[in-house]
Amino acid sequence: MLDIKFIRENPEVVKKALRDRNVEFDLDYLIQLDEKRRAKIKEVDDMRASQNQISDAIARLQGEEKNEKINESKEIKTKLGHAEFELKAIEEEFNSLLYKIPNIPLDDVPVGKDESENVVLREVGEKPKFDFTPRDYMEIGTRLDLIDTERAAKVSGSRFGYLKNEAVLLEFALAQFALERLRGDGFIPVVPPVLIREKMMRGMGYIDSKKDSEERYFLENDNLFLVGTSEQSIVPMHANEVLDVIPLYYVGFSSCFRREAGSYGKDTYGILRVHQFDKLEMIVFSPPEISGVEHEHLLEVAEWLIGELKIPYRVVQLCTGDLSQPSAITYDIEAWLPGQKGGEGEYRETHSISNTTNYQSRRLNIRIPYGAGKFEFVHILNGTALAIGRMLIAILENYQQENGSVAIPDVLQPYMAGIKIIKRA
1 MLDIKFIREN
11 PEVVKKALRD
21 RNVEFDLDYL
31 IQLDEKRRAK
41 IKEVDDMRAS
51 QNQISDAIAR
61 LQGEEKNEKI
71 NESKEIKTKL
81 GHAEFELKAI
91 EEEFNSLLYK
101 IPNIPLDDVP
111 VGKDESENVV
121 LREVGEKPKF
131 DFTPRDYMEI
141 GTRLDLIDTE
151 RAAKVSGSRF
161 GYLKNEAVLL
171 EFALAQFALE
181 RLRGDGFIPV
191 VPPVLIREKM
201 MRGMGYIDSK
211 KDSEERYFLE
221 NDNLFLVGTS
231 EQSIVPMHAN
241 EVLDVIPLYY
251 VGFSSCFRRE
261 AGSYGKDTYG
271 ILRVHQFDKL
281 EMIVFSPPEI
291 SGVEHEHLLE
301 VAEWLIGELK
311 IPYRVVQLCT
321 GDLSQPSAIT
331 YDIEAWLPGQ
341 KGGEGEYRET
351 HSISNTTNYQ
361 SRRLNIRIPY
371 GAGKFEFVHI
381 LNGTALAIGR
391 MLIAILENYQ
401 QENGSVAIPD
411 VLQPYMAGIK
421 IIKRA
């Protein structure tokens, strides 16, 4: 969340950020509510101080004077109870509104209304040329008995799939390949819980809007959320802590769960957009002064991973209207899928790399030492290392052969039990 002191001192900056993000929010009302809140806090504090003074006097007095002070104390106690009740209501409304304000985009983020105004920064890699019309991944995966969405629909409903045979080996090959590189870069591997408490999900900034909350799976009886990415479980590991060693790097591997509530009718075919998928996610806790450098480093690592797989891709910078609530700047990587659109091909998102600055750390109270006896909120970054399902799709489409087989990328072959090509008799 944003610092209310910053909001009070820079209302026009915050209003511009809200406009750029296409977020409707009455900031003037929040500022007025904050003034009311601070006045009520002073009123409550003054009453408590008076009550303490009277209590001290009662201990010293005798007779009628003591009785007068006792009656005065009872009167203040009643007024204090009413004031505390009013303060609680004000603070609940204040905090609810404050949590709805998204992060302020960095200056170099392009202003735009939605994903249609995102900016392509570069295209990398040579797109494969085929002497045949390339097939889409579902045709390939079905023929090779790698993907089964029909039975998954019978068991679980829409937007699920079974991975089978060599597809399973490919999943773990991708994970091993990425983990080796990331461990070499100093990332600590973590397999986190995939269920987290409501206050932790709220601390991450992903359930404050109706749109965001509808995207999450919530177990009401247990007050637990299923994570949509391991970042949502790993970052809160350090809630209410002071970090002594930074930058601190993690790579989390987990299943991820998304309701895809806002994607009705979109990508219903296959496993491109599903309710459950596995992903390797990078998380960095960074000093504020170098978080921009760390953001570029995460992008560099993600590009190296997809580049080693020899999958053509492009890097896209998200505009203000397409940023998530916690993000101040985001890059996406989109892989080339030659089998899409009847063999014409298209780019589809496989990675997202964001700097949330101190938006999440302020909510979760994650700090670092700053000067003599001082502390500041750490900057938190996240980025996809590999979204396993989507990279599997990219491999099937880019490495397909005319006879229906699929070659295994060179860098994955050491993890594939001697298999260099997927084929059926």
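Residue 172 in the working numbering sits at position 172 of the sequence shown, with consecutive numbering throughout.
From the three backbone atoms N, C-alpha and C, an ideal C-beta is built for every residue, glycine too.
Every value quoted in this text rests on a predicted model; they were computed, and no experiment measured them.
In the structure shown, the three-state DSSP call for Arg122 is strand. Taken through DSSP and simplified to helix, strand or coil, Glu376 comes out as strand. Beta-carbon to beta-carbon, Ala175 and Ile388 are separated by about 7 Å, close enough to satisfy the 8 Å threshold. With respect to the C-alpha of Lys16, the residue from Cys256, Asp107, Phe177 having the closest C-alpha is Asp107. The Cβ atoms of Cys256 and Val111 do not sit closer than 8 Å to each other. Within its own chain, the residues whose Cβ lies closer than 8 Å to the Cβ of Met204, once the five positions on either side in sequence are excluded, are Glu231, Gln232, Val235, Pro236, Pro326, Gln360, Arg363, Leu364, listed in chain order. Straight-line spacing of the CA atoms in Val378 and Thr357 works out to 8 Å. Just so you know, the alpha carbons of Tyr250 and Thr350 end up roughly 19 Å apart. Under the three-state reduction of DSSP, Ala261 is assigned to helix.
The C-beta separation of Ile196 from Val227 comes to about 6 Å, placing the pair in contact by the 8 Å criterion. Pairing Tyr313 with Ile329 gives a Cβ-Cβ distance that is not under 8 Å. Inside the region 131-212, DSSP marks whole beta strand (DSSP E) runs of 3 or more residues at positions 188-190, 195-197, from first to last along the chain. C-alpha of Val168 to C-alpha of Lys36: approximately 58 Å in a straight line. In the structure shown, Asp3 falls within a coil segment according to DSSP collapsed to helix, strand and coil. Asp244 and Asn382 have their C-alpha atoms some 20 Å from each other.
Note on the region 339-402: whole alpha helix (DSSP H) runs with a minimum of 4 residues are 359-364, 388-398, in chain order.
Counted as a single uninterrupted DSSP element, the stretch harbouring Phe25 is not any alpha helix (DSSP H), since DSSP gives it neither H nor E.
Sixteen is the threshold: when 16 or more other Cβ atoms of the shown chains lie within 10 Å of the Cβ of Leu163, as they do, the residue is buried. Short of 6 Å from the beta carbon of Leu248, and not among the five residues preceding or following it, lie these beta carbons of its own chain, in chain order: Phe285. Around the C-beta of Val14, 16 or more other C-beta atoms lie within 10 Å, and the residue is accordingly described as buried. Scanning Ala302, Val194, Arg21 for the CA closest to the CA of Ile104 turns up Arg21. For the 8 Å CB-CB criterion, Phe253 and Val191 form a contact. Collapsing the DSSP output to three states places Glu215 in coil.
Judged by beta-carbon spacing, Gln51 lies beyond the 8 Å limit of Ile70, meaning their Cβ atoms are not closer than that value. Distance check between Leu309 and each of Glu64, Leu80, Arg181 places Arg181 closest, using alpha-carbon atoms only. Residues of the same chain with a CB within less than 8 Å of the CB of Ala417, apart from the 5 flanking positions on each side, are Leu169 in chain order.
Burial state of Trp336 is buried, judged by a 10 Å Cβ sphere holding 16 or more other Cβ atoms. Judged by their CB atoms, Ile366 and Glu198 are not nearer to each other than the 8 Å cut-off. About 6 Å separates the CB atoms of Leu272 and Ile393; that is less than 8 Å, so the two are in contact. Nearest C-alpha to Glu126 among Pro193, His295, Asn398, Ala407: Asn398. Assignment of beta-bridge partners to Met282 by DSSP yields Val251, Gly383. Glu139 is the residue among Gly404, Leu2, Glu139 whose C-alpha sits nearest the C-alpha of Gly342. Measuring C-alpha to C-alpha distances from Val120 to each of Glu344, Gly404, Val315 identifies Val315 as the nearest. When rounded, the separation of the alpha-carbon atoms in Ile58 and Asp45 is 20 Å.
Assignment of beta-bridge partners to Leu337 by DSSP yields Glu346. Between Asp136 and Gln401, the beta carbon gap of about 15 Å keeps them out of contact (Cβ cut-off 8 Å).
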